[in-house]
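The structure appears right after this line, and notes come after that.
There are 6 protein chains.
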Amino acid sequence: MPLIQVKQTPGKTAEQKAELVRELTDAYVRATGAKPESVWVTVQEIAADSWSVGGDTLAARAAQR
Amino acid sequence: MPLIQVKQTPGKTAEQKAELVRELTDAYVRATGAKPESVWVTVQEIAADSWSVGGDTLAARAAQR
Amino acid sequence: MPLIQVKQTPGKTAEQKAELVRELTDAYVRATGAKPESVWVTVQEIAADSWSVGGDTLAARAAQR
Amino acid sequence: MPLIQVKQTPGKTAEQKAELVRELTDAYVRATGAKPESVWVTVQEIAADSWSVGGDTLAARAAQR
Amino acid sequence: MPLIQVKQTPGKTAEQKAELVRELTDAYVRATGAKPESVWVTVQEIAADSWSVGGDTLAARAAQR
Amino acid sequence: MPLIQVKQTPGKTAEQKAELVRELTDAYVRATGAKPESVWVTVQEIAADSWSVGGDTLAARAAQR
Numbered sequence: 001m002p003l004i005q006v007k008q009t010p011g012k013t014a015e016q017k018a019e020l021v022r023e024l025t026d027a028y029v030r031a032t033g034a035k036p037e038s039v040w041v042t043v044q045e046i047a048a049d050s051w052s053v054g055g056d057t058l059a060a061r062a063a064q065r
Numbered sequence: 001m002p003l004i005q006v007k008q009t010p011g012k013t014a015e016q017k018a019e020l021v022r023e024l025t026d027a028y029v030r031a032t033g034a035k036p037e038s039v040w041v042t043v044q045e046i047a048a049d050s051w052s053v054g055g056d057t058l059a060a061r062a063a064q065r
Numbered sequence: 001m002p003l004i005q006v007k008q009t010p011g012k013t014a015e016q017k018a019e020l021v022r023e024l025t026d027a028y029v030r031a032t033g034a035k036p037e038s039v040w041v042t043v044q045e046i047a048a049d050s051w052s053v054g055g056d057t058l059a060a061r062a063a064q065r
Numbered sequence: 001m002p003l004i005q006v007k008q009t010p011g012k013t014a015e016q017k018a019e020l021v022r023e024l025t026d027a028y029v030r031a032t033g034a035k036p037e038s039v040w041v042t043v044q045e046i047a048a049d050s051w052s053v054g055g056d057t058l059a060a061r062a063a064q065r
Numbered sequence: 001m002p003l004i005q006v007k008q009t010p011g012k013t014a015e016q017k018a019e020l021v022r023e024l025t026d027a028y029v030r031a032t033g034a035k036p037e038s039v040w041v042t043v044q045e046i047a048a049d050s051w052s053v054g055g056d057t058l059a060a061r062a063a064q065r
Numbered sequence: 001m002p003l004i005q006v007k008q009t010p011g012k013t014a015e016q017k018a019e020l021v022r023e024l025t026d027a028y029v030r031a032t033g034a035k036p037e038s039v040w041v042t043v044q045e046i047a048a049d050s051w052s053v054g055g056d057t058l059a060a061r062a063a064q065r
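So, in structure tokens, the structure goes:
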């Protein structure tokens with residue numbers, strides 16, 4: 001009953017999310033032998049002003065480039 | 001100091017959420033004897049295109065029916 | 001496909017956990033009309049020295065009483 | 001590689017979030033000696049009708065005052 | 001800066017976990033084009049008496065077979 | 001009612017954890033003006049063989065040095 005919870009920045013289309021959850025599920029099944037039907041994936045978006053690395057938001061980092 | 005974090009698909013009204021957090025809190029108190037005031041519940045919505053079971057999003061599953 | 005993730009302090013028996021997940025599932029079903037089979041609950045223990053309220057760990061608070 | 005995941009109620013500006021993630025990162029570094037660059041912080045907002053204490057949502061509590 | 005947080009039942013070796021995080025990272029990169037170095041994966045084990053589906057713990061379900 | 005959930009690798013003493021939760025709580029209060037008593041912090045340890053960056057576990061990275 002594995003559970004895979006993803007956080008990522010916004011900007012993916014529904015098609016890209018569908019591809020992502022499919023790839024992650026297949027990866028889990030390949031690595032562990034779990035039944036696909038037992039794998040749950042949730043995807044949550046965190047805005048670039050709400051995610052920081054080293055104390056700087058991703059929004060601030062993007063603005064500095 | 002129990003913490004109950006819920007993820008569910010969208011579509012619940014504020015009244016339904018209020019009922020849900022009340023029910024979950026009461027259930028926790030009943031099962032464990034905790035003080036109600038010590039119980040926190042958070043509810044987060046995950047869209048149907050961002051939740052998958054067996055590699056298919058809930059949106060895709062609903063569309064197939 | 002609701003997901004209920006609980007964090008609590010240690011000290012519950014397996015029987016108490018079984019009772020807890022049953023109560024939480026029933027509460028969710030009552031409040032929302034979801035199918036029981038669709039409800040996942042995970043329970044994770046956080047030690048009293050790893051949980052704080054107001055900056056004091058639960059371990060420190062217990063010692064002060 | 002510490003990960004700090006914050007849930008809070010809405011209403012903070014981007015500037016306040018930037019200040020918050022900076023402060024939390026600095027606090028982590030001060031307490032542990034970790035390298036700042038290794039610290040990730042994510043901030044997620046939970047609406048007042050989706051967070052409860054003692055079974056009452058924060059929205060209901062605010063309305064009662 | 002994607003973050004992938006996995007919950008699964010115990011019983012995997014360190015080698016299996018290493019394979020799992022490699023597969024999940026590769027899957028994320030394939031689906032999104034992210035840089036591998038930006039992908040974090042954490043794996044957490046939830047015991048079979050602390051995970052329920054439909055109100056029954058996985059431990060209880062295994063015992064019924 | 002902010003909630004701060006930390007994941008870090010093992011090896012901190014109870015004193016270091018107490019210092020950490022104190023620092024994080026103070027940082028949150030400084031940045032937002034929240035009441036200290038409203039701030040919860042949980043700390044969870046993720047072993048070095050269960051955390052990966054770029055597909056390599058922290059255990060594997062440490063071994064390569």
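Chains as they are written, first to last, in the numbering used here: chain Z, 1 to 65; chain U, 1 to 65; chain X, 1 to 65; chain Y, 1 to 65; chain B, 1 to 65; chain H, 1 to 65. For each residue, glycine too, the CB sits at the ideal point set by N, CA and C.
_Below-7 Å beta-carbon distance, S52 (chain Y) vs any chain U residue_ = Mapped onto the fourth sequence, residue 52 (chain Y) falls at position 52. At least one chain U Cβ lies under 7 Å of S52 (chain Y).
*Taking Cβ positions only, does T9 (chain Z) come closer than 7 Å to chain Y?*
For the purposes of this step, residue 9 (chain Z) is taken as the residue at position 9 of the first sequence. Not an interface residue.
*asked:* On the criterion of 16 or more Cβ atoms from any shown chain inside 10 Å, does K35 (chain U) qualify as buried, or is it exposed?
replied: In the second sequence, counting from the first residue as 1, residue 35 (chain U) sits at position 35. With fewer than 16 Cβ atoms within 10 Å of its Cβ, K35 (chain U) is classed as exposed.
_Between H:S38, H:T13, H:L58, which has its C-alpha nearest I4 (chain H)'s C-alpha?_
As a position in the sixth sequence, residue 4 (chain H) is number 4, starting the count at 1. Cα-wise, what sits closest to I4 (chain H) is H:S38.
*Within the chosen definition, does the region 43–51 of chain U reach the region 2–19 of chain U through at least 3 CB pairs nearer than 8 Å?*
The region 43–51 of chain U makes contact with the region 2–19 of chain U: 3 or more CB pairs, one atom from each, lie closer than 8 Å.
*asked:* Using the three-state DSSP reduction, which class does V41 (chain H) fall into: helix, strand or coil?
replied: Here residue 41 (chain H) corresponds to residue number 41 of the sixth sequence, with the count starting at 1. Correct three-state label for V41 (chain H): strand.
*So which residues on chain Z does T57 (chain Y) lean against when the C-beta distance must stay under 7 Å?*
Here residue 57 (chain Y) is taken as the residue at index 57 of the fourth sequence, counted from 1. What T57 (chain Y) touches in chain Z: nothing, since even the nearest Cβ is about 21 Å away.
*Please name the residue in H:D26, H:W51, H:T32 whose C-alpha comes closest to that of K12 (chain Y).*
Within the fourth sequence, numbered from 1, the residue matching residue 12 (chain Y) stands at position 12. The shortest CA-to-CA distance from K12 (chain Y) to any of H:D26, H:W51, H:T32 is the one to H:T32.
*Interface residues of chain B facing E45 (chain Z) [CB-CB closer than 8 Å]*: Here the question's residue 45 (chain Z) lines up with position 45 in the first sequence. Within chain B, not a single residue places a beta-carbon under 8 Å from that of E45 (chain Z); the smallest gap is close to 11 Å.
*With distances taken between CB atoms, is the gap from A27 (chain U) to A27 (chain X) smaller than 7 Å?*
Working through the second sequence from its first residue, we reach residue 27 (chain U) at position 27. Working through the third sequence from its first residue, we reach residue 27 (chain X) at position 27. Yes; because the gap between Cβ atoms is below 7 Å, this pair is in contact.
*Return yes when the Cβ of G55 (chain H) is within less than 7 Å of the Cβ of T25 (chain B), no when it is not.*
Within the fifth sequence, residue 25 (chain B) is the residue found at index 25, counting from 1. Within the sixth sequence, residue 55 (chain H) is the residue found at index 55, counting from 1. The criterion of a C-beta distance shorter than 7 Å is satisfied by T25 (chain B) and G55 (chain H).
*Contact test: A59 (chain H) Cβ vs the ligand MG heavy atom, cutoff 6 Å*: No copy of the ligand MG occurs in the structure displayed, which carries no ligand at all.
*Rounded C-beta distance between D49 (chain H) and A63 (chain H)? I'm assuming under 8 Å.*
Position 49 of the sixth sequence holds residue 49 (chain H). Position 63 of the sixth sequence holds residue 63 (chain H). With a Cβ gap of about 10 Å, D49 (chain H) and A63 (chain H) do not count as contacting.
*Tell me, please, whether the CB atom of D26 (chain U) is closer than 7 Å to any CB atom in chain Z?*
Reading the second sequence from its first residue, position 26 is the one you call residue 26 (chain U). Nearest CB-CB separation between D26 (chain U) and chain Z: not below the 7 Å threshold.
*Look up K35 (chain X) in the DSSP assignment and say whether it is helix, strand or coil.*
Indexing the third sequence from 1 puts residue 35 (chain X) at position 35. In the structure shown, K35 (chain X) adopts coil according to DSSP, grouped into three states.
*State the Cα-Cα distance for the pair P23 (chain H) and R65 (chain Y), rounded to the nearest angstrom.*
In the sixth sequence, counting from the first residue as 1, residue 23 (chain H) sits at position 23. In the fourth sequence, counting from the first residue as 1, residue 65 (chain Y) sits at position 65. A small fix is needed here, since residue 23 (chain H) is Glu in this sequence, not Pro. Rounded to whole angstroms, the separation of the alpha carbons of R65 (chain Y) and E23 (chain H) is 31 Å.
*For Q2 (chain Z), decide whether its Cβ has a neighbour in chain B, counting only Cβ atoms nearer than 7 Å.*
Here residue 2 (chain Z) refers to the residue found at position 2 when the first sequence is read from its first residue. Note on residue identity: the sequence assigns Pro, not Gln, to residue 2 (chain Z). Interface criterion met: the Cβ of P2 (chain Z) is under 7 Å from a Cβ in chain B.
*Mapping DSSP to helix, strand and coil, what is T13 (chain Y)?*
By one-based count along the fourth sequence, residue 13 (chain Y) stands at place 13. In this structure, T13 (chain Y) counts as coil in the three-state DSSP scheme.
*Since I believe S52 (chain U) is in contact with V21 (chain Z) (beta carbons under 8 Å), could you give me their beta-carbon distance rounded to a whole number of angstroms?*
For the purposes of this step, residue 21 (chain Z) is taken as the residue at position 21 of the first sequence. For the purposes of this step, residue 52 (chain U) is taken as the residue at position 52 of the second sequence. The pair is a contact, with the Cβ atoms about 4 Å apart (cut-off 8 Å).
*Where R61 (chain B) and W40 (chain U) are concerned, what is the direct C-alpha to C-alpha distance, given to the nearest angstrom?*
Indexing the fifth sequence from 1 puts residue 61 (chain B) at position 61. Indexing the second sequence from 1 puts residue 40 (chain U) at position 40. C-alpha of R61 (chain B) to C-alpha of W40 (chain U): approximately 29 Å in a straight line.
*asked:* If you follow the beta strand (DSSP E) that S50 (chain B) is in, where does it begin and where does it stop?
replied: Taking the first residue of the fifth sequence as 1, we reach residue 50 (chain B) at position 50. Per DSSP, S50 (chain B) lies in no beta strand (DSSP E) and is assigned neither H nor E.
*Just grab the DSSP bridge partners of V6 (chain Z) for me.*
As a first step, residue 6 (chain Z) is located in the first sequence; it is residue number 6 there, counting from the start. V6 (chain Z) pairs with Z:V43, B:I4.
*What residues in its chain sit with their C-beta under 6 Å from that of M1 (chain U), if we drop five residues either side in the sequence?*
The residue labelled residue 1 (chain U) in the question sits at position 1 within the second sequence. The beta carbon of M1 (chain U) is closer than 6 Å to those of S38 in its chain, skipping five residues each way along the sequence.
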